[in-house]
Structure formats: C-alpha cells, structure tokens
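As they're listed, the protein sequences go chains A and B. Those letters in the first sequence? Residues 1298 to 1700, per the numbering used here, in order. Those letters in the second sequence? Residues 304 to 1150, per the numbering used here, in order. Note that CB positions come from ideal geometry on N, CA and C, so glycine has one too. The structure displayed is predicted, hence computed values, not measured ones. Notes to accompany the following structure.
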Amino acid sequence: MGDLRSTRKPLAMAQLTMALAVTLAAACDRAEAPAPAPALDVGELLGGADTLHARAVDVPAFTFPADHGPHPEFRTEWWYWTGNLTADDGREFGYQLTFFRSALVDSATYAAAVDTAASAWRSRHAWMAHFAVSDIGARSFHHAERFARDAVGLAGAQADPFRVWLGPWQATGRDTGGADAGADGGGDAGRFPVRLEAADGDVAMDLVLAYGKPMVLQGDRGLSRKGPEPGNASYYYSFTRMPTTGTIRIGDRSYGVTGLSWLDREWSTSALSADLAGWDWMALQLDDGTELMLYRLRRHDGTAGEFSAGSFVDADGASVTLAAGDFAMTPMDTWRSPLDGTAYPVTWQVAIPRLAAELTVSAAYGAQEMDTAVRYWEGAVRIIGTRAGAPVTGRGYLEMTGY
Amino acid sequence: MSRLLLLSGIRYHLRHPLQLALAVLGVLLGVAVVVAVDVAAGSARRAFLLSAEAVSGRATHVIRGGPAGVPGDVYVRLRVDLGLDSVAPVVDRYVRVETAGGASRVLRLLGVDPFAERAFRSYVAPGPGQLDFSALLARASLMPGAATAGELGLEPGDSVRATTGTRTVTALIGGVLEPTDALARRALADLVIADIATAQEVTGFRALDRIELRVSDDADGAAVLDAVRGALPAGLELLETEALTGATVRMTRAFETNLTALALVALVFGMFLIYNSVTFSLVRRRPLIGLLRAQGVTAGGVTGLVLLEALLIGVVATALGMAAGVLLGSQLVALVARTVNDLYFTVAVSSVHVSGVTVVKGAALGVGATVAAAFLPARAAAYAAPRQSLARSTLERGTRRQARWLTVAGAAVLAVAVLMLAVPSRSIVLGFAALFVLILAAALLTPALTLALSAALRPAVAAAGPVGRLAARSVPASLSRTAPAIAALSVALAVGIAVTIMVGSFRAGVETWLDRSLQADLYISAPDFGADRTDGVLDPAFLEDVATVHGVAGITRYRHANLLAGDDIVRVIGVDLDLRHYDAFELLDGTAAAVWRDFAAGGVLASESFAWRRGLETGESVRLATGVGPRELTVAGVFRDYASEQGVLFIDGASYRRLWPGDDAVTNIAVWLADGHDADVVLARVRALPSAGGISARSNRGLREATIVVFDRTFVITGVLRLLALIVAFVGVTGALMALHLERQREVAVLRATGLTPRQVWGLVGAQSGLLGFIAAILAAPLGLAMAWAMVHVINRRSFGWSFDLVAGSTPFLEAALVGVAAALLAGVWPAWRMASGNIGAGLREE
C-alpha cells in the first residue's frame, strides 16, 4: 500500500466526488497486496471538457423542495453535514456525514446504451458516503466509507419527502405530505426536523436537526464560481446553524448530545482549475450567533487562488459574500499523518478586515484524518479571537485536501 | 565382513544391469502410476478449489435459494436494513461467448456489484488495467481476463454474442482485466466479469444466484449471522462457503478412490518384481552368503544388508518413479478432468499440481513396497543353514515344502477376503482392501496350483518330444522362480478380466436402463454448460410453439433443480407423470400401485443411489430445503437410475409448485410423437422454430447414443490404468522369466554341449514360457471372476450406490489367455536368443 499512497494524487473535495470511479480503485481491501494506483491525472480529470452534462453557468432560480433532491443532469453532487455536539456530561464530539452522487455517464449516452428491458440493477449513478465521529474527549476518531449504485434502493436521494441514503446511512426530512410549509427559507422550515442516522462497527449516531436560520445562497445568489471559464462553477447553498439533539453511541456507551450542525449542498459538472492542488474549507459557528464559511482554493505553490471565497451570516440570518481579497487564511501549526507523513496545517490564522475579525482556528485535536479511498483531513475545530472589537469563540469544521 | 556382502551386492547388480534395470523399472512404474493418479485427481480437485476460492473470494458464508435463486430485495434488506457492508450479490452462470470472428468459448459469467466487491474479490477492483466503472455499470459490457481476450481475439469495444440456455444477446467487451496476482489470473482464465445488471440482462435471470457474506469468526460474526438468518424469507439458506465447495468436491470422492485403487494394483505388481529380483540376486550369491554365515556373520546382519540393498534400489526407483508419475499424471489429468466435467462439475485444469502429500505417499509406497517385498527373501537367505545355502536344489526343496504352508496360509487369507467382502459395510476402502486380500490369497495359492496344473498339463506338453518334456519338468522344478512370475501375470490378467466384465456388465445395465427409461421420442433441454448446472430454462414461447409442431402428440415438462440436501447436492426433478411414464421407472422397492399413489400424494421417487447413500427405504422420509422452508417428504419408491451418483429425486409437478411457489420454469421436455411420424423429421421441425434458439434437442436414439458415449468416455481412464497395470505385470513377468532362464544357462549349456541345437533351445524356452503363460491365464480366470463380482456388487455399490447384474461372456477369458501366453512368449525372446547364440564354454563356467 505504501506504493499506492505515495503515487496517489490527493484530490480536493470537488475532485473527490468527480473522481468517484477512480477513488474506488483504491478501495480494494487495505489488507491486500498493493493495488495498482489510479494513474489518472488531476488536470485531466478536472480539465476534461464534459459537454454532455449540464453545467452551472447562470445564476440559478432554485425551486424548493425540488432542489433539495438530486440533480442527475450534473456530474457530481453532495449533501455535506458536519457539526459539533456536547454530551450531557460535557464530553465533546464532532461529526461528519456526507453523501456524494457521481454520474458515471450522461443521460443521453446512457439512454442510447441501455436496453429498454434493463435490469433493475442498472444505474448510471454511483454513490459514496463518509461518516466520521470525533470523540474529542477521548481523542479518538471513528470513520467509515460506503459505496453503492443508485438502484434497487441501495442508495439515492429524493426531494419530497426529503431523503438521501446509502445503505443504512440516511438523512430524512419531515414528510410534509406535499404541502409547502411556509415562506421562510423557501419553505424549508416546514421540512425540518431532518434526522441523520449512521452507524459503523461500534459507533452509531442518531441526530435530529432543527431549523435554525434561513438557507444561505453561496457565491452569486447560489452560483459559486471556481475558475475563470464559464461553467467552471457549482450551485451551492448552505444551512449554517441547525440546533441539533440526539445520541451518539461509542461501544457500549450512549451519549445524549446537543449542539449545532451545518449543511453544505453543492452540485456541478466541473469545478476546479488544473492549477489547483486542493483546498482548505472551514465552516465556523461563532458564539455571537454568526457564521463564517471560507474556502481557500490552493495553488500548487501553496498560495490562495483568485476564486477563493466565503460568506458571513449575521445573527439575523443576513449573509454577505466574501471574495478572495476579503480574507486571509494563514497556516500555522501542522499535524503530521502517521499514515503517510503528510503535514496538515491544523491551526490557521484567519483575518477578515472587512468584518474586523481576527480568529485563530485550531483543530480540537490533530488525528482527524479520513483514511478513506481518497485520504483527507476533516475534523472539528475550535475558534478564539475577536470580531468587531469583541472577543469571540466558537466551534466549527475544517476540511483540508490535496496535501 | 558385512561390507563385503554389501560390496558384493553392488558388484552383482552392476554386473547384471538388466536385472537391476527391471527391478528399478517395476518399482518405478508402480510408483509412477500411483503418483500419476494422485497428481491427476489432485490437480483436478485443486483446480476446482482454486477456482471456487477465486470465485467466492473471501466469502465466509453464502445465502442460497431454491431453483428460483435469491430475490434481489433480500440483498437490499441486508445492506440497508441490517446495515451490513461485507455482503455481495452474485449471479453465477455459464455463458457461451461468440466473437464476430466466429471464435467461441463457454465461460463462467460472474455478475457482481463492483461496489460490494472490495471485501471479496481483489480482481474486481477498478483502475487502469482493471475495471472501468463507467464502462462496466452504465452499459451491458463484459470484462474477460487478458488471457481469454487474447485467445478469442477480443478487444475493448468489440461486441460479442452471449448465449445462456436458449437466449442469445449482444454484449460489449467493456474492458480486459489484467490482475497482477496469480490466483486472480487463474480465476479469470475461465471467467468473464460483468456488472450484476448485465449478468441479469444477458441471462434473463432477474434474481441472484447467491449472496456472499464475510463475517468474523467471533461473537460479533455470530450475531451478524443470527440477524441474517432472522431476515431470510423461507426457502433461503445460509451456509458456510466451505460446506458448499465441500459438497461439490465430495461428489468425486468415490471416483478418486476407484482410480487410486487401480493405481495401487500397479504398485502391487511392482512389489512382485522387487520380490523376484531380490530373490534372484540372493540365489546368485548363495555361495557367498553361505561362506559369510559360516564365518560368523549373523542372520540379522545378512537380512539388514539385503534390506539396505533393496532400500537403495527402492529409493532410486521411487525417485525416478515420481518423476515419471508427474509426467504421466500431466497426461492423465485431461482424462480425469473430462470425466469430472461429464459427471460432476465444471472444472478447467490449467496446471498440474504435485502436492506434498502426493510426494510423501509416493515415496512411502515406493520405498516401503520395495523393502517389504525384499523382506521375505532376505530372511529366507539369512536363516538358511550356511551349508545348505550353497545348493540350489535345497532352495527348490524348501520352496516346495513352503508351497504347502503357503497353500494353508492362502486358504486362510482367502477366507479373510470372503469375510471382508461379506461384512455389511458401506466402506469403499474396506471393499478395495478385500480385493487386495483376495489378490494376496491368489498369490499365496499360486505355487500349489502351479504344481498341480503343471502336473496335469505335463502329458500334453510331453507329447511334443524331449524338449517338451524338459520344459514341462522345468516349471515345477524351479518353483521359486516360476511361481512369482505366474502369480504376477495371473493377477494382471485377472484384473483385466475383472475390469472388462465389470465395465461390460455396467454397460449392459445402462443400456437396459436407457431402453426402459427413454420412452418418449424427443428430448429437449436448454443447454447447460456444466454437469452440475440447471441454469438453462426453456423459453415459454418455445414451449407453446413445440406443441403446435406437426407430428407432436404430447409434451412432458420437467423442472430440474440442484439442491443441497444435508451435505450433498441432489437433483430434484419436478414433473407431471401419468400412466405412460410409469413404465420408464424400474421400481426396486414397493408395489407399483402404492408407489404411484404415494407419488401423486406428494411423495418423492428416489433414485437407487440416493436411497443407498442415505440408507432410505420406501415409506421413510427425506428432509429437503424447499421454497417454503424445510420439509419432510415421504419416499414413495426407489427406482433404478444411473444418471447421477449423487442421486435424483422425482417429485410430482403439483407438489413441486407447492414447495417452490412461483417457480414454473421448465428446463427439459420430453416430446411424444403421433403415430407414423419420424423422430428426425419432427426434430428438424422443432429446431427450425424461431423460438428454438440454442436448444439442445435429441431423438430417443440420439440421446441413447450420446449417453453411451459419455459412459464409454468415463471408462477410458479405467482402460488406461488397466493397460498400465498390465505393462508393469509384463515387465515383472519378463524379469522373472529372464531370471529363470538365465539361471539355467549352465544347464542349457550342458544340453547344448550334448547336442541341443539352437533351434531346440528356442523351442525349449518357448515351451517353458508358453506353459507359464497358459498356467497364469488359467489361474486368472477364477480370480478375475471373483474380482469382477466384488467390483460389481461391492465396489460399485459402495462407490456409486447403484446395482447391476454381472454379465460375463467367454471373451474376456479368451483374451486373457491370449495376452498371457503372448506376454510370456515375448518375455522369453531375449533369454532364448542369448542362450541359443551364446558361448557354450562361458555358459558351462557359469555359477
């Protein structure tokens, strides 16, 4: 496996899903002899002109609940939940539950190739899901991944009633019986609570996410540009503060937990320029009731790309978009992976002059590396600093890929 | 002093290289045949296990269904509701892949879910040179291994025709798999991988053949298995993977035992040869041994040295024999594999495997047999009074005296053999042991019978003149030489007689059975590409069309299905039988009226082998895993059947549909013609139906002939082994006769000096040889008949569970007599030539 690790090109989050088929290459059993490393070039993967799938070109006119469901005409899509929770006894947890959909071929090609008497197992979409629980008190990290096809009920997504699932892992919304439950957030408040369920081995999670703040449309009213070319963008919205309750079970112990969750929804067909090595993304929930989302598209030389961006949501739910020039993320301490020696900057200095914010974002602990088919670091972080002249703290999630 | 004896032994053997060569050859051939059979059977078994392992990957358990397979939603339930991850759906069928260029091959089509594969099969891993997921999932594409692709000239993007049963579809070659590890490469030699959707579309089978599970061997694993059991609907079974492969491998157990026994016969002949060779060499060194003993060498010392000598020969011969055995085995493996494919399960043997067990077994048998065979003569030589050792006449007197004791011993051993055969056991090994004891008894009785027979034949041979008289006297006169040779030859001939009679009787039984059981006019099935498969289902449209063909009066529909019953795989056949079919069953138990009444009431008709294996009788019940859970079914009757040694169960069509609800598939039909219609003409019409596809259709006569062809093919390997045994025996006889004749060089030289012409020498040797061969042939007849009886009524019964009558004509006996005399005459050629043309003076100085 050493061979595989050293030659594998770490992929950024967007790449992660686009490369689903490739990532599966590495999914062969770890205990086995070295598997051939995927020899796909990141540039080729991302630069490949896909004219057959739909692309994110224009400012979207989202319609809900339909847009909570899948967008099969786009190549990739994800539902990305993260959150920080505290048990009744004060023990702290972080979690991640992510569902990725990836189209293997576009619908026209598929329709031409597949028989009308196709097997029920036939599908053109593959799904991957990641589940992680950071047991911060114990400094232990549980994570798992699953794969499935979008057929016979093994995996899939639907808008109403909301459900996205892969095997036993799932997120389900309230069944509104088709009725739109109000104007707030496009009627989303009525579709809450959302329940997240996942388990792997000794670890299980069952959370109920309530409606906290309206949906935030990222980028230009939901169009999030990732590169200079038209269509090199994604559709992107978030729920940045969802009060969460539930249970986390680790081994024989069950913890009643409360806290805050975050959802990122994004779909696209091509999203990253070839000159980028990866990205660093953070979702920060501050104790003053505001949230910050920042991503830094990282060039091969380590500098931030010009399409890095972010958003700030005030306590009332009003949001502003942050451009690359509006913020600076500076890596500080690193944590070194025991698996392959990769150094991840787990402490960041964040400066946003426009918001008069100076924050130190640091991992709750270092060992939150996802040892999945494509390896990356994603974990709970703690925030301390000042905003608008007042001290502020908070908790959040940090993802770093491409190291 | 003892070194002197050892050196003398070495010198002796080096000076008589031909004798040495024959001794070595005897053991060599014996070991070679045993090793060859082991290698051939072992390679076939290993090929199967490897492919089973490669195919089932690292699965620890499987979920199997009845004939209709496992519904896909069971898999979804395990994954989604139970949340299992190490679980994989599999469609596993045979498919004929035909290229645009016309090349075609039957391959195992393994339909898998690549997303579920990582815990199971390493070669179903995506990546360069491996699986292209888009190509595999999003369209109907097949992925052969690189070797298969090369053989068929296939490249990615090519389209092929894929046939299963009567169904042919077009599929794309989505890629070529080039796994790096040897096991996967081997597995892929016979596999073509496809996504489960493709496999379902190609085969038309919309369920799963099995679900594989991988669970840990601990409490967690047990909990998972409990949960799985709880989630399984009736009719599905959770089994250990090994139980399934074990059941398959066990099918060939009896077959392998029979091959091994035949091989051991060859080794027994090898022992004769060693015995003979050691005895002869000791006779030649009698004076030296006498001298040594007179000077104080102990009897134990002499025995030890002789055994050491034998050991050296044994080691060399065994080593050579094992090498020869591996070579021979690589030839036999094709024969073994063909029979396994004809009768048991599909296996492709791509490499010859020599296991450590084979090596140890071959070595132990070779060296052990050599030392054992040398033991008696060594002791005899060592314990003879030193003075006596110097005289040849003493030896022969001793042999004659021994003959009496040997006769007594022989009679006792014969009684043991009879007892062993009479024991009501089911052990195949005991049966073969009895057979070997029988052979031993015959060998022990040979000296006395030789004396008696040569006395009886003397007047006839003596009539040929002085040479004839000389010859007639020489056989009993040198009994220590002639008896082992006659014993070896007669046993070889007897084995020939026995095998011929057994195969002939079996064949006659099969022919009678075919006459009786094939009563319809045409037999049609969807082609199955393996003896153990019942995948092929006849198209309902075809079934409708057949009924409308001109000349067709009626159709009987059969549903063949393989089920696991206990540890065995049995074939269950659901069919609506009416009066006209009853005659086709030769009932072995119960009265016809009661049997058919019970059958119609839901009982099963069990084949003789099935009933034998389980010790079942009419009225008892058999437990079967059915589509509605385990059921006890009454055995309505037992019928004669040679179709499957695993056993066949017939069950009434209505009962079948009740036990396997929803399975209305038809795998075979029998077609009855209206009077006055020619089977071949109607057959052509049926084949010409547009819905016929790739059906396999035969007339009554055609099926009969095809069955006999498979039968004969099955016994090809028996014939080969018999021939090998005869060759070993022939070498043994040659050696014995040569020893006999060479020993008498001086005598012949004296005769020649006193006027015997070279021509008369030829006559003398010829008469001696012929007499020997004739005596062997006479002795072979009763032994052969007895062995044939044991093979038919004990070995076959216990091995395969079926019975048939012993049918023995005179032909095998006459053949044996001819072969015996011819072999003996041939063996005399070289000694005769040597004595006839040799230097008389040198001959006189001999000894």
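| Query | Result |
| --- | --- |
| Nearest-angstrom Cα distance between leucine 890 of chain B and glycine 922 of chain B? | 14 Å |
| When you compare each of B:Leu880, B:Val571, B:Asp521 to alanine 335 of chain B by their alpha carbons, which one comes out closest? | B:Val571 |
| Can you name the start and end residues of the alpha helix (DSSP H) that methionine 625 of chain B belongs to? | 602-646 |
| Closest Cβ-Cβ distance between cysteine 1325 of chain A and chain B: below 8 Å? | With a pLDDT of 32 at cysteine 1325 of chain A, under the threshold of 50, the modelled position of that residue is not reliable, and no figure is offered here. |
| Look up arginine 489 of chain B in the DSSP assignment and give the residues it is bridged to. | Beta-bridge pairing links arginine 489 of chain B to no other residue. |
| Helix, strand or coil for isoleucine 998 of chain B, going by three-state DSSP, please let me know. | coil |
| Alpha carbons only, please: which of A:Ile1649, A:Gly1663, A:His1368, A:Leu1656 is nearest the one belonging to glycine 1638 of chain A? | A:Gly1663 |
| Look up serine 1570 of chain A in the DSSP assignment and say whether it is helix, strand or coil. | coil |
| Pairing CB atoms from the stretch 543-562 of chain B with CB atoms from the stretch 350-370 of chain B, are three or more of them under 8 Å? | yes |
| Could you check which residue in B:Thr551, B:Tyr378, B:Ala626, B:Leu565 has the C-alpha nearest to that of proline 536 of chain B? | B:Tyr378 |
| Leaving out five residues on either side along the sequence, give the residues of the same chain with a beta carbon under 6 Å from the beta carbon of glutamate 504 of chain B. | Ala443 |
| Could you check where the alpha helix (DSSP H) with glycine 812 of chain B kicks off and where it finishes? | 782-820 |
| DSSP three-state label for alanine 868 of chain B, please. | strand |
| Run the CB neighbour count on histidine 316 of chain B, radius 10 Å, all protein chains shown included, and call it buried at 16 or more, exposed below. | buried |
| Quick one, which residues of the stretch 437-462 of chain B are near chain A if we go by CB-CB under 8 Å, in chain order? | Ser437, Leu440, Ala441, Arg442, Ala443 |
| Counting only runs of 3+ residues fully inside the stretch 446-493 of chain B, write out the beta strand (DSSP E) ranges in chain order. | 462-467, 470-476 |
| In this structure, does DSSP put serine 346 of chain B in helix, strand or coil? | helix |
| Could you check the C-alpha separation between threonine 563 of chain B and alanine 355 of chain B for me, to the nearest Å? | 24 Å |
| List, from N- to C-terminal side, the beta strand (DSSP E) runs of 3 residues or more that fit wholly inside the stretch 1645-1686 of chain A. | 1654-1660, 1673-1684 |
| Please compile the residues from chain A whose C-beta is within a distance smaller than 8 Å of the C-beta of isoleucine 499 of chain B. | Ser1416, Trp1418 |
| For threonine 1587 of chain A, count neighbouring C-beta atoms within 10 Å of its own C-beta (all shown protein chains included) and say buried if the count is 16 or more, exposed if not. | buried |
| At a cut of 8 Å, does the stretch 1416-1425 of chain A reach the stretch 1435-1449 of chain A through at least three beta carbon pairs? | yes |
| Which residues of chain A have a Cβ atom closer than 7 Å to the Cβ of phenylalanine 572 of chain B, listed in chain order? | Here the premise fails: no neighbours, minimum Cβ distance about 48 Å. |
| So what does DSSP say about threonine 929 of chain B, is it helix, strand or coil? | strand |
| So for leucine 413 of chain B, helix, strand or coil by DSSP? | strand |
| Mind pulling the alpha helix (DSSP H) runs of 4 or more residues that sit fully within the stretch 676-760 of chain B? | 695-725 |
| Can you find a C-beta in chain B that's less than 8 Å from the C-beta of alanine 1426 of chain A? | no |
| Listing by chain order, which chain B residues have their CB less than 7 Å from the CB of phenylalanine 1390 of chain A? | Simply none; closest approach about 21 Å. |
| Using the beta-carbon count (16 or more within 10 Å), is alanine 1130 of chain B buried or exposed? | buried |
| Counting only beta-carbon separations shorter than 8 Å, does arginine 1421 of chain A have a partner in chain B? | yes |
| Give me, in chain order, the residues of the same chain whose beta-carbon lies closer than 6 Å to that of isoleucine 1681 of chain A; leave out the 5 immediate sequence neighbours on both sides. | Thr1657, Thr1690 |
| So which of B:Tyr686, B:Leu410, B:Gly1123 has the shortest CA-CA distance to alanine 650 of chain B? | Per the sequence shown, residue 650 of chain B should be read as valine rather than alanine. Taking only the C-alpha atoms, the option nearest valine 650 of chain B is B:Leu410. |
| Contact defined as beta carbons within less than 8 Å: I believe threonine 402 of chain B pairs with valine 479 of chain B. What is the distance between those atoms, to the nearest angstrom? | Actually they are not in contact, since the Cβ atoms of threonine 402 of chain B and valine 479 of chain B sit about 13 Å apart, beyond 8 Å. |
| Whose C-beta lies closer than 7 Å to the C-beta of serine 1608 of chain A among residues of the same chain, with five residues either side of it excluded? | Val1513, Gln1515, Met1590, Ser1616, Val1617, Thr1618, Leu1619 |
| In the DSSP assignment, find the alpha helix (DSSP H) that holds isoleucine 1078 of chain B and state where it starts and stops. | 1061-1093 |
| When the distance is taken between beta carbons, is arginine 382 of chain B closer than 8 Å to leucine 1451 of chain A? | yes |
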